[in-house]
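Q:
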Amino acid sequence: MAKIIIDQERCKGCELCIPACPKHIIIMSENFNKKGYYPAEQINPEECTGCAFCALTCPDVAIEVYK
Amino acid sequence: MKKVFGRPESLTETPFTYCPGCHHGIAHRLVAEVLDEFGVRENTIGVCPVGCSVFAYLFFNCDMICAAHGRAPAIATGIKRSKPDSIVFTYQGDGDLASIGTAEIVHAANRGENITVIFINNAIYGMTGGQMAPTTLVGQVTQTSPYGRDPKTMGYPIKMAEMLSTLKSATYISRVALNKPSNIIKAKKSIKKAFQIQLEGKGFSMVEILSTCPTNWGLSPIEASKWLEENMIPYYPLGEFRTPEEVA
Amino acid sequence: MAEKILMKGNEAIGEAAICAGCRYYFGYPITPQSELIAYMAKKLLKMKDASFVQAESELAAINMVYGAASTGVRVMTSSSSPGISLMQEGISYIACSEVPCVVVNMMRGGPGLGDIQPAQGDYFQATKGGGHGDYHLIVLAPSSVQELVDLTMDAFDLADKYRNPAMILGDGLLGQMMEAVEFKERPKVDLPSKESWTLVGCKGRKPHWIVPFNLNPSVLEKMNLVINEKYKKLKEHEVRYESINIENADLIIVAYGTVARIVKTVIQKAKKEGINIGLIRPITLFPFPEKIISKTAERIKKFLVVEMSLGQMIEDVKLAVNGKAEVNFYGRCGGIIPTPIEILKELNKYL
Numbered sequence: 001m002a003k004i005i006i007d008q009e010r011c012k013g014c015e016l017c018i019p020a021c022p023k024h025i026i027i028m029s030e031n032f033n034k035k036g037y038y039p040a041e042q043i044n045p046e047e048c049t050g051c052a053f054c055a056l057t058c059p060d061v062a063i064e065v066y067k
Numbered sequence: 001m002k003k004v005f006g007r008p009e010s011l012t013e014t015p016f017t018y019c020p021g022c023h024h025g026i027a028h029r030l031v032a033e034v035l036d037e038f039g040v041r042e043n044t045i046g047v048c049p050v051g052c053s054v055f056a057y058l059f060f061n062c063d064m065i066c067a068a069h070g071r072a073p074a075i076a077t078g079i080k081r082s083k084p085d086s087i088v089f090t091y092q093g094d095g096d097l098a099s100i101g102t103a104e105i106v107h108a109a110n111r112g113e114n115i116t117v118i119f120i121n122n123a124i125y126g127m128t129g130g131q132m133a134p135t136t137l138v139g140q141v142t143q144t145s146p147y148g149r150d151p152k153t154m155g156y157p158i159k160m161a162e163m164l165s166t167l168k169s170a171t172y173i174s175r176v177a178l179n180k181p182s183n184i185i186k187a188k189k190s191i192k193k194a195f196q197i198q199l200e201g202k203g204f205s206m207v208e209i210l211s212t213c214p215t216n217w218g219l220s221p222i223e224a225s226k227w228l229e230e231n232m233i234p235y236y237p238l239g240e241f242r243t244p245e246e247v248a
Numbered sequence: 001m002a003e004k005i006l007m008k009g010n011e012a013i014g015e016a017a018i019c020a021g022c023r024y025y026f027g028y029p030i031t032p033q034s035e036l037i038a039y040m041a042k043k044l045l046k047m048k049d050a051s052f053v054q055a056e057s058e059l060a061a062i063n064m065v066y067g068a069a070s071t072g073v074r075v076m077t078s079s080s081s082p083g084i085s086l087m088q089e090g091i092s093y094i095a096c097s098e099v100p101c102v103v104v105n106m107m108r109g110g111p112g113l114g115d116i117q118p119a120q121g122d123y124f125q126a127t128k129g130g131g132h133g134d135y136h137l138i139v140l141a142p143s144s145v146q147e148l149v150d151l152t153m154d155a156f157d158l159a160d161k162y163r164n165p166a167m168i169l170g171d172g173l174l175g176q177m178m179e180a181v182e183f184k185e186r187p188k189v190d191l192p193s194k195e196s197w198t199l200v201g202c203k204g205r206k207p208h209w210i211v212p213f214n215l216n217p218s219v220l221e222k223m224n225l226v227i228n229e230k231y232k233k234l235k236e237h238e239v240r241y242e243s244i245n246i247e248n249a250d251l252i253i254v255a256y257g258t259v260a261r262i263v264k265t266v267i268q269k270a271k272k273e274g275i276n277i278g279l280i281r282p283i284t285l286f287p288f289p290e291k292i293i294s295k296t297a298e299r300i301k302k303f304l305v306v307e308m309s310l311g312q313m314i315e316d317v318k319l320a321v322n323g324k325a326e327v328n329f330y331g332r333c334g335g336i337i338p339t340p341i342e343i344l345k346e347l348n349k350y351l
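Protein chains in written order, with full-length UniProt numbering: chain Z, 1 to 67; chain B, 1 to 248; chain A, 1 to 351.
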């Protein structure tokens, strides 16, 4: 059991978390945030292992990981 | 469920002003996590440079001062000498440390100042809009090397970590990269070691961090991380160049 | 403590700084102030809770001062003209950041590498800011070794009181000469606490920032205006000068530092010739003693400014006189000290 929370407003849509995720369960949202970026979002949350690679690579410290 | 990864206390809540995908944010977080882990945030004084990270004082949740371009190691020397029990770090880019501030970094290292230097090498001047840095790679196109860096007239990129490792008083010198999770984990370990050395009063420590500048490289953040791996790491090898054991 | 000892000017500054509680010194060797850096090394390297660093350059030295001053300690650097030019960047940052420190300039001949003889060619640099931007230093101009001592101690108090860098503007002659000096017990002065801004770790409070910039022009303008208020206060409360015989003089000489010493001899010589000369000697060059000059110019219509430069302080004298009297100039430069006979000959032209 693990989950991530992506702070949609901190995210600048750089996409670095996408290749970092070994489960390929992060995609870019179709809706933009207040700053005008398309933030990252998680799909298939049940597959998340909480490895935190996405959070490690996030330059905006926008991802929290829970386990 | 328990939070296993979040914002370190040593970072403020202020969102970073860096461009999307810029590695400064990762480097900031790693330094902040290390300050948290050692429990020294309230005893730390940081020195930020001139360059993109001139705003670092807004992001680190500790006492901060902004240096003149290149002079951070001299300011850090003054702080550490007058407040030897505090933890003092500088955060500098490649224009700051390897060009305008070469004298200050060399002599701070040579005096063995008990400070930690975080050196961001992204092979370009970011804030001024993408000019050639002393660390720009041969052939790399920038605003001021529009036909590519030509070593005949512009010299070769400076390897600061190797250069400073020749100094007997430099206690710990390493080079790390932030282009993928495995390297980020190693970078954190190295930064932690650098601060550990300062905490133990063992002298000068510097971590050179290979980072991307997607905006001025003209690449997407993902392409930039790949470019770093394929171009920077072969020229700037990762690893520890000087460790306390060698100093003895 | 109040016994008189024979001391060289440069060393006397060092001892005065230590008496004033300065335990941190960062500097780079340069003639004619090298005895001062050597004195600080000899003393501070043996003291506890003190630090002496021979920096790699004047650029580094002033930034070490900036760092140490930011933690709230009393700190000093010293140099001579070319070295002070190198420090200007740092001094501008320090003035903008409003951190107190003391900078000593024992002037030598310029421009360029110049020579190593006494001069006063750095007046503009010292009093008008020196580096980039709108700022001033508190500038004190001693005229004897005793004054080097007293004004060095005052400089630390003034710097702390106004959170502004203070400069001792001497010259190679004052630094090199020996005179009997006294290190007097000083009355305790009430100075503002530094707690609200120093960088000492943020335990139990929000982090402090020392940030010498703001990209928002209206905020930066406000920062400038705050600093400017201090200069107004300085002009109101801290002006110092010495005046001799200014009541009924035929001519007033305005001179500072070494030149003022020579002028005192000129006054004696002139008296023997039946000429009545007065002297106004600014002790603070910033704030400049403009009121006394202005007032004197209402009565006495002839002024002569004598400097070891080609005419720098004369501009401030003219501003103060404001057309009310004739202002003439005599100067030597390049390290040449004017003789009393030269000055006497010169002033005779105007009588």
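All residues carry an ideal CB built from backbone N, CA and C; glycine is no exception.
Within 8 Å (strictly less), CB to CB, does Ala109 (chain B) reach chain A?
A: Position 109 of the second sequence holds residue 109 (chain B). Not closer than 8 Å to any Cβ of chain A, the Cβ of Ala109 (chain B) fails to qualify, so no.
Q: Which residues, in order along the stretch 36 to 49 of chain Z, keep a beta-carbon less than 9 Å from a beta-carbon of chain B?
A: Listed in sequence order: Tyr37.
Q: Once you ignore the five residues that flank Thr243 (chain B) on each side, which residues in its own chain have a CB closer than 7 Å to its CB?
A: Here residue 243 (chain B) corresponds to residue number 243 of the second sequence, with the count starting at 1. Same-chain partners within the cutoff: Tyr172.
Q: Evaluate Ile43 (chain Z) with the Cβ neighbour count: other Cβ atoms within 10 Å of its Cβ, from every protein chain shown; 16 or more gives buried, anything less gives exposed.
A: Along the first sequence, one-based indexing puts residue 43 (chain Z) at 43. Label assigned to Ile43 (chain Z): exposed.
Q: At the 8 Å Cβ level, is Leu238 (chain B) part of the contact set with chain Z, yes or no?
A: On the second sequence, position 238 is the one that residue 238 (chain B) refers to. Judged by the 8 Å Cβ criterion, Leu238 (chain B) is not in contact with chain Z.
Q: Phe195 (chain B) touches chain Z at which residues, Cβ-Cβ below 9 Å?
A: One-based indexing of the second sequence puts residue 195 (chain B) at position 195. Result: empty, since nearest Cβ-Cβ is about 19 Å, beyond 9 Å.
Q: Rounded to a whole number of angstroms, what is the C-alpha to C-alpha distance between Ala248 (chain B) and Gln88 (chain A)?
A: Your numbering for residue 248 (chain B) matches position 248 in the second sequence. Your numbering for residue 88 (chain A) matches position 88 in the third sequence. Low local confidence applies: a pLDDT of 48 at Ala248 (chain B) is under 50, so the model's placement there is unreliable, with the coordinate-based value given in what follows. Approximately 40 Å, taken between the alpha carbons.
Q: Would you tell me roughly how many angstroms separate the C-alpha atoms of Lys3 (chain Z) and Ile25 (chain Z), rounded to the nearest one?
A: As a first step, residue 3 (chain Z) must be located in the first sequence, where it is residue number 3. As a first step, residue 25 (chain Z) must be located in the first sequence, where it is residue number 25. Approximately 11 Å, taken between the alpha carbons.
Q: Considering only the alpha carbon of each residue, which of A:Cys96, A:Ala68, A:Arg74 and A:Gly109 lies closest to Ser81 (chain A)?
A: Taking the first residue of the third sequence as position 1, residue 81 (chain A) is located at position 81. With distances taken between Cα atoms, Ser81 (chain A) lies closest to A:Gly109.
Q: Which chain Z residues sit within Cβ distance under 8 Å of Ile184 (chain B)?
A: Indexing the second sequence from 1 puts residue 184 (chain B) at position 184. Chain Z residues near Ile184 (chain B): Leu56 and Thr57.
Q: Let me make sure I understand the geometry here. Which of A:Ile337, A:Gly67 and A:Ser85 has the alpha-carbon closest to that of Gly257 (chain A)?
A: Locating residue 257 (chain A) in the third sequence gives position 257, where the first residue counts as 1. If we check each option's Cα against that of Gly257 (chain A), A:Ile337 comes out closest.
Q: Whose C-beta lies closer than 6 Å to the C-beta of Ala17 (chain A) among residues of the same chain, with five residues either side of it excluded?
A: Numbered from its first residue, the third sequence carries residue 17 (chain A) at position 17. Closer than 6 Å at Cβ, skipping near neighbours: Met76 and Thr152.
Q: Would you kindly work out how many angstroms separate the C-alpha atoms of Leu310 (chain A) and Lys301 (chain A), rounded to a whole number?
A: Taking the third sequence and counting its residues from 1, one reaches residue 310 (chain A) at position 310. Taking the third sequence and counting its residues from 1, one reaches residue 301 (chain A) at position 301. About 22 Å.
Q: Can you give me the C-alpha to C-alpha distance between Leu44 (chain A) and Met206 (chain B), rounded to a whole angstrom?
A: As a working mapping, residue 44 (chain A) is identified with position 44 in the third sequence. As a working mapping, residue 206 (chain B) is identified with position 206 in the second sequence. Roughly 29 Å between the two C-alpha positions.
Q: Does any residue of chain B have a CB that is nearer than 8 Å to the CB of Ala60 (chain A)?
A: Here the question's residue 60 (chain A) lines up with position 60 in the third sequence. Taking Cβ atoms only, chain B reaches closer than 8 Å to Ala60 (chain A), which makes this a yes.
Q: Of the residues that make up the stretch 207 to 220 of chain A, which ones have a beta carbon closer than 8 Å to any beta carbon in chain B?
A: Result list: Pro207, His208, Trp209, Ile210, Val211, Pro212 and Phe213.
Q: Counting only runs that start and end within the stretch 12 to 72 of chain A, where is the beta strand (DSSP E) found for 3 or more residues in a row?
A: Segments of the beta strand (DSSP E) lying fully in the stretch 12 to 72 of chain A: 24 to 27 and 51 to 54.
Q: When you compare the CB of Ala248 (chain B) with every CB in chain A, is at least one pair closer than 8 Å?
A: Indexing the second sequence from 1 puts residue 248 (chain B) at position 248. For Ala248 (chain B), the pLDDT reaches just 48, beneath the cut-off of 50, and the residue's location in the model is therefore unreliable, leaving the point undetermined.
Q: Enumerate in chain order the residues of its own chain whose CB-to-CB distance from Glu147 (chain A) is below 8 Å, with the five nearest sequence positions on each side excluded.
A: On the third sequence, position 147 is the one that residue 147 (chain A) refers to. Here the set comprises Ile283.
Q: Going along the chain, which residues of the UniProt domain "4Fe-4S ferredoxin-type" (2 to 31) of chain Z sit with their C-beta nearer than 7 Å to a C-beta in chain B?
A: Residues Lys3, Arg10, Lys12, Gly13, Cys14, Glu15, Leu16, Pro19 and Ala20.
Q: Count the other CB atoms, across all protein chains shown, that sit within 10 Å of the CB of Arg205 (chain A); report buried if there are 16 or more and exposed otherwise.
A: Numbered from its first residue, the third sequence carries residue 205 (chain A) at position 205. Classification for Arg205 (chain A): exposed.
Q: Which chain Z residues are close to Met1 (chain B), counting only those with a beta carbon under 9 Å from its beta carbon?
A: By one-based count along the second sequence, residue 1 (chain B) stands at place 1. Result: Met1, Ala2, Lys3, Gly50, Tyr66 and Lys67.
Q: Tell me whether the beta-carbon of Ile262 (chain A) lies closer than 8 Å to the beta-carbon of Pro340 (chain A).
A: One-based indexing of the third sequence puts residue 262 (chain A) at position 262. One-based indexing of the third sequence puts residue 340 (chain A) at position 340. For Ile262 (chain A) and Pro340 (chain A), yes; Cβs fall inside 8 Å.
Q: Which residues in chain Z sit within 8 Å of Leu11 (chain B), going by Cβ to Cβ distance?
A: Mapped onto the second sequence, residue 11 (chain B) falls at position 11. Going along chain Z in sequence order, the residues near Leu11 (chain B) (Cβ under 8 Å) are Val61.
Q: Please report whether the beta-carbon of Met232 (chain B) lies at a distance below 8 Å from any beta-carbon of chain A.
A: To locate residue 232 (chain B), count along the second sequence from 1; it is residue 232. Judged by the 8 Å Cβ criterion, Met232 (chain B) is not in contact with chain A.
Q: My output table needs one value for Ala248 (chain B): the three-state DSSP class, helix, strand or coil.
A: By one-based count along the second sequence, residue 248 (chain B) stands at place 248. A caution first: Ala248 (chain B) carries a pLDDT of 48, below 50, which makes its placement in the model too unreliable to give a value.
Q: What does Met163 (chain B) touch in chain A if you count any residue whose Cβ is under 8 Å from its own?
A: Here residue 163 (chain B) refers to the residue found at position 163 of the second sequence. Simply none; closest approach about 15 Å.
Q: Alpha carbon to alpha carbon, how far is Val145 (chain A) from Ala20 (chain A)?
A: Reading the third sequence from its first residue, position 145 is the one you call residue 145 (chain A). Reading the third sequence from its first residue, position 20 is the one you call residue 20 (chain A). Going from the Cα of Val145 (chain A) to the Cα of Ala20 (chain A) covers about 16 Å.
Q: Where DSSP assigns a beta bridge to Met107 (chain A), which residues make up the other side?
A: By 1-based counting over the third sequence, the position of residue 107 (chain A) is 107. Looking at the DSSP assignment, Met107 (chain A) forms a beta bridge with A:Asp171.
Q: Compare the C-beta of Ala170 (chain B) with all C-beta atoms of chain A and state if any pair is closer than 8 Å.
A: Looking up residue 170 (chain B) in the second sequence gives position 170. Ala170 (chain B) does not count as touching chain A.
Q: Which residues in chain Z have a C-beta closer than 8 Å to the C-beta of Arg7 (chain B)? List them in chain order.
A: Counted from its first residue, the second sequence places residue 7 (chain B) at position 7. Within chain Z, the residues near Arg7 (chain B) are Val61 and Glu64.
Q: So what does DSSP say about Met28 (chain Z), is it helix, strand or coil?
A: Here residue 28 (chain Z) refers to the residue found at position 28 of the first sequence. If DSSP states are grouped into helix, strand and coil, Met28 (chain Z) belongs with the strands.
Q: Which term fits Thr14 (chain B), buried or exposed, when burial requires 16 or more other beta carbons within 10 angstroms of its beta carbon?
A: Within the second sequence, the letter at position 14 stands for residue 14 (chain B). Classification of Thr14 (chain B): exposed, given that the 10 Å Cβ count is below 16.
Q: Can the beta-carbon of Cys101 (chain A) be found closer than 8 Å to that of Val65 (chain A)?
A: By 1-based counting over the third sequence, the position of residue 101 (chain A) is 101. By 1-based counting over the third sequence, the position of residue 65 (chain A) is 65. Cβ atoms of Cys101 (chain A) and Val65 (chain A): closer than 8 Å.
Q: Quick one: Cα of Ser51 (chain A) to Cα of Gly14 (chain A), how far?
A: Position 51 of the third sequence, counting from 1, holds the residue named residue 51 (chain A). Position 14 of the third sequence, counting from 1, holds the residue named residue 14 (chain A). Roughly 14 Å between the two C-alpha positions.
Q: Which chain Z residues sit within Cβ distance under 7 Å of Val4 (chain B)?
A: Taking the second sequence and counting its residues from 1, one reaches residue 4 (chain B) at position 4. Under the 7 Å cutoff, chain Z gives Gly50, Ala52, Val65, Tyr66 and Lys67.
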